[in-house]
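**Student:** Below you will find the structure I want to go over with you.
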Amino acid sequence: MANVGFLGLGIMGAPMAEHLKNAGHSLTVWSHNCEKAKRFSEEHGCTLAKTPAEIARASQTSFLCVGDTAMSREVILGKDGLVEGAAEGSLIVDCSTISPMASKQIGAELATRKIHFLDAPCTGSKAGAESGTLSFMIGGNQTIFEETRPLFEVMGKSLYYCGEQGMGLHAKVTQNLILGNILQAFNEGLVLSTKGGVAPEVMIDILNNTGARSGYVSNKAASVLQRDFSTTFSVRWMEKDLGLAVEVAAELGVPLFTTSASQQQLRSAIAMGYGDEDICGSIRALEDIASCQVKSSEGTEV
Numbered sequence: 336m337a338n339v340g341f342l343g344l345g346i347m348g349a350p351m352a353e354h355l356k357n358a359g360h361s362l363t364v365w366s367h368n369c370e371k372a373k374r375f376s377e378e379h380g381c382t383l384a385k386t387p388a389e390i391a392r393a394s395q396t397s398f399l400c401v402g403d404t405a406m407s408r409e410v411i412l413g414k415d416g417l418v419e420g421a422a423e424g425s426l427i428v429d430c431s432t433i434s435p436m437a438s439k440q441i442g443a444e445l446a447t448r449k450i451h452f453l454d455a456p457c458t459g460s461k462a463g464a465e466s467g468t469l470s471f472m473i474g475g476n477q478t479i480f481e482e483t484r485p486l487f488e489v490m491g492k493s494l495y496y497c498g499e500q501g502m503g504l505h506a507k508v509t510q511n512l513i514l515g516n517i518l519q520a521f522n523e524g525l526v527l528s529t530k531g532g533v534a535p536e537v538m539i540d541i542l543n544n545t546g547a548r549s550g551y552v553s554n555k556a557a558s559v560l561q562r563d564f565s566t567t568f569s570v571r572w573m574e575k576d577l578g579l580a581v582e583v584a585a586e587l588g589v590p591l592f593t594t595s596a597s598q599q600q601l602r603s604a605i606a607m608g609y610g611d612e613d614i615c616g617s618i619r620a621l622e623d624i625a626s627c628q629v630k631s632s633e634g635t636e637v
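In the working numbering, the protein residues as written are 336 to 637.
Laid out in structure tokens, this is it:
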């Protein structure tokens, strides 16, 4: 069994850390939210750290799952960050979705101190984290990844080695780019068909049984019809991820016409007060503009 640290105990991080503990590993945890970290450590019988540096001193491998690039950089390289406690030859694994360019810079800084680093963003939302069926996209040294594979397998079912440092994040940004655009196409299509008089249940059945079928429609349509916008992955974080895609595209000279528009639509939803709802709740922004609500005509489960 390994000495493992986990930083970030939110919707995704908490169940990921719990799987590591349940697998028998010696776990040390930390969170910006001290009360949340204390509660988690008491419930799961693991060690509570006061700083990220303390996590690194207690762990050969430290995982983190935080909200954005600035948080990740601060937790790893900031004052009392992981870098201040990590030993030579230890490993830091960043499961956050952050800027690939920034991740490469973090990796280069850690390399000067002989600390290994993998970018390993994951997908699967809350359900995947809780069931241990996440998909990870990994960038960095392949040998280090293979040595760490048993820890990843505790938290996920699909592991994709994508290449050198930053490549896992390039893959994750691309995946969320596609999902974000499907999301906006769904929102526009369902509001349009509903306002035109087509029953939402009928339209969704058509989508699920034609070439327009998508995993998003299959998974999220029932929540929209039932008006259940309980957060598994928020509008705010999807807007952030599309922003990362636009940044990467600028770096590589790739135009992203549709993605730029989708980001603006999500930003509108945030401005209208829907930022902390699940991504399917972004449909409410367009509904408000169009004076049309997409919901079950019978008010029953679908």
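Glycine is no exception: its CB is placed at the ideal position from the N, C-alpha and C atoms.
In this text, all values refer to a predicted model and were calculated from it rather than measured experimentally.
Leaving out five residues before and five after P442 in sequence, what residues of the same chain have Cβ atoms less than 6 Å from its Cβ?
**Tutor:** Per the sequence presented here, residue 442 reads as Gly, with Pro not at that position. Correct list, in chain order: F452 and Q500.
**Student:** Let me know the secondary structure DSSP gives D454 once reduced to three states.
**Tutor:** Here D454 sits in strand by DSSP.
**Student:** Can you give the Cα-Cα distance for V581 and N511, rounded to whole angstroms?
**Tutor:** Between V581 and N511, the C-alpha separation is close to 12 Å.
**Student:** Give the DSSP-derived three-state secondary structure of V489 in the structure shown.
**Tutor:** Helix, per DSSP.
**Student:** Out of A388, D403, H367 and A358, which one is the CA nearest neighbour of C381?
**Tutor:** Residue A358 is the option with its Cα nearest to C381.
**Student:** Under the DSSP definition of a beta bridge, which residues are partnered with W365?
**Tutor:** Per DSSP, L342.
**Student:** Go ahead and label E481 buried or exposed: buried means 16 or more other beta carbons lie within 10 angstroms of its beta carbon, across all protein chains shown.
**Tutor:** Label assigned to E481: exposed.
**Student:** Go ahead and label N522 buried or exposed: buried means 16 or more other beta carbons lie within 10 angstroms of its beta carbon, across all protein chains shown.
**Tutor:** N522 should be labelled buried.
**Student:** Could you pull out every unbroken alpha helix (DSSP H) segment of at least 4 residues lying fully inside the stretch 513-594, listed in chain order?
**Tutor:** Listed in chain order, they are 535-543, 550-560 and 570-587.
**Student:** At the level of alpha carbons, what is the spacing between A486 and D540?
**Tutor:** Checking the sequence, you will find Leu at residue 486 rather than Ala. Going by the C-alpha atoms only, they are around 40 Å apart.
**Student:** Can you tell me whether DSSP reads C430 as helix, strand or coil?
**Tutor:** If DSSP states are grouped into helix, strand and coil, C430 belongs with coil.
**Student:** With three or more beta-carbon pairs closer than 8 Å as the criterion, would you say the stretch 531-547 touches the stretch 594-610?
**Tutor:** The stretch 531-547 is not in contact with the stretch 594-610.
**Student:** On the three-state DSSP scale, how would you describe T635?
**Tutor:** Low per-residue confidence applies at T635: pLDDT is 40, beneath 50, and the placement is therefore not dependable, though the value from the model is reported in the following sentence. Three-state DSSP puts T635 in coil, outside helix and strand.
**Student:** Should S431 be counted as a contact of the ligand GDP given a C-beta to heavy atom distance under 8 Å?
**Tutor:** No copy of the ligand GDP occurs in the structure displayed, which carries no ligand at all.
**Student:** In terms of residues, what are the limits of the beta strand (DSSP E) holding L399?
**Tutor:** Where L399 is concerned, the enclosing beta strand (DSSP E) stretches over T396 to L399.
**Student:** Relative to the alpha-carbon of L445, which residue among K555, G416 and Y551 has its alpha-carbon at the smallest distance?
**Tutor:** When each option's Cα is compared against that of L445, the closest is G416.
**Student:** Within 10 angstroms of the Cβ of L587, are there 16 or more other Cβ atoms? Answer buried if so, exposed if not.
**Tutor:** L587 is exposed by the Cβ-count criterion.
**Student:** Around the Cβ of D563, are there at least 16 other Cβ atoms within 10 angstroms (buried) or fewer (exposed)?
**Tutor:** Classification of D563: exposed, given that the 10 Å Cβ count is below 16.
**Student:** Assuming contact is defined by CB atoms lying nearer than 9 Å, are D611 and V570 in contact in what I supplied?
**Tutor:** Their beta carbons are under 9 Å apart, which means D611 touches V570 by this criterion.
**Student:** Let me see if you follow: with CB-CB separation under 9 Å, is S438 close to chain D or not?
**Tutor:** The structure shown contains no chain D; it holds only a single protein chain.
**Student:** For the 8 Å Cβ check, are there 3 or more pairs between the stretch 367-384 and the stretch 424-442?
**Tutor:** Touching, no, given that fewer than three Cβ pairs across the two stretches are closer than 8 Å.
**Student:** What separation, rounded to the nearest whole angstrom, lies between the Cα atoms of I450 and R392?
**Tutor:** Each residue's alpha carbon lies about 13 Å from the other.
**Student:** Would you decide whether A462 is buried or exposed? Buried here means 16 or more other CB atoms lie within 10 Å of its CB.
**Tutor:** Answer is exposed; the Cβ neighbour count stays below 16.
**Student:** What span of residues does the alpha helix (DSSP H) with I390 cover, start to end?
**Tutor:** Where I390 is concerned, the enclosing alpha helix (DSSP H) stretches over P387 to A393.
**Student:** Alpha carbon to alpha carbon, how far is K630 from S603?
**Tutor:** Their Cα atoms are separated by approximately 21 Å.
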